[in-house]
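A.B. asks: Residue numbering for the sequence shown is 2 to 202, as defined by my numbering.
What follows is a structure written as structure tokens; I'll ask about it next.
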Amino acid sequence: MGIDPDISGALALLKIDESGCSAQVFDSPHLKVMVGKGIRKRLDVKSIVQLIRSLDAPIGTTAYVEQSTPFPQDGKQGWWSGGFGYGLWIGVLVASGFSVVPVPSMKWKNDLELTGGRCTKDDSRRIASTLFPSLSPLLERKKDHGRCLLKYIVISRITPTSMQFSFSCLLCQKDKMLLFKEPSFYITSIPPCSYYYHFTC
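The structure is reproduced here in structure tokens:
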């Protein structure tokens with residue numbers, strides 16, 4: 002499981018069994034509250050607990066939570082919101098019996114070679130849609146970028162001894178188009194679940 006703890010984040014659940022791989026994505030539940038003279042969105046704790054319980058995940062399931070990283074341009078409100086969401090998700094997950102692993106954003110992006118400005122948010126949505134076609138309708142908008150990032154967090158943190166993940170993102174300089182090499186899953190003791198795709202001009 003992977004969680005983007007931001008107010009506009011999401012939860013991604015990756016299941017691997019004898020039949021192969023499947024993924025589900027859920028937007029973080031939130032509600033609107035009065036803060037001073039304005040209305041702001043806040044994470045809905047009760048709905049988050051209900052969502053976690055509805056997943057029926059075994060006790061000890063690993064949940065990878067993207068670490069909150071404050072930036073100067075976010076301002077005090079952004080810092081507060083980021084820290085609140087990060088702590089809230091960790092508290093709910095630990096109380097629900099999950100094994101929580103914080104993951105710095107740069108760590109999983111480096112693991113999947115998504116740094117360096119070569120891959121845009123649109124590109125990551127295309128990758129996620131191709132990897133999990135059933136989720137394509139949920140990744141059509143630019144703001145859906147966060148939904149596919151959660152799957153990357155889960156995929157990149159799988160223990161190397163049980164799964165090998167191969168990924169590369171190369172820039173085609175001539176045609177100014179990105180070419181993507183397949184993510185290939187080789188899973189110990191169960192049939193491999195492999196995907197191959199590329200985008201050409």
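Backbone N, C-alpha and C fix where the C-beta goes; we use that ideal spot for every residue, glycine too.
Since the model is a prediction, treat every value here as computed from it, not as a measurement.
Suppose the cutoff is 8 Å on Cβ atoms and the five residues either side in sequence are ignored; what does the same chain contact list for S106 look like?
C.D. replies: Excluding residues within five positions, the ones whose Cβ falls inside 8 Å are E67, Q68 and T70.
A.B. asks: Would you list the residues sitting across from A13 in a DSSP beta bridge?
C.D. replies: Looking at the DSSP assignment, A13 forms a beta bridge with G3 and V26.
A.B. asks: Run through DSSP, which three-state label would D18 get?
C.D. replies: Three-state DSSP puts D18 in a strand.
A.B. asks: When you compare only the Cα positions, how much space is there between T62 and S48?
C.D. replies: Their backbone Cα atoms lie some 20 Å apart in a straight line.
A.B. asks: Tell me the rounded alpha-carbon separation between D18 and I4.
C.D. replies: Answer to the nearest angstrom: the Cα atoms are 21 Å apart.
A.B. asks: Go through its chain and collect everything with a Cβ distance to S97's Cβ below 6 Å, but skip five positions before and after it.
C.D. replies: Cβ within range, chain order: I53.
A.B. asks: I need the straight-line Cα distance from S20 to R43, nearest angstrom please.
C.D. replies: Distance between the alpha carbons of S20 and R43: 38 Å.
A.B. asks: Quick one: give me the first and last residue of the alpha helix (DSSP H) that S69 is part of.
C.D. replies: Note, S69: premise wrong, no alpha helix (DSSP H); not H, not E.
A.B. asks: Considering only heavy atoms of the ligand SAH, does any lie closer than 6 Å to the CB of G88?
C.D. replies: The model on display carries no ligand, and the ligand SAH is accordingly not part of it.
A.B. asks: Can the beta-carbon of V101 be found less than 7 Å from the beta-carbon of V95?
C.D. replies: Going by C-beta atoms, V101 is nearer than 7 Å to V95.
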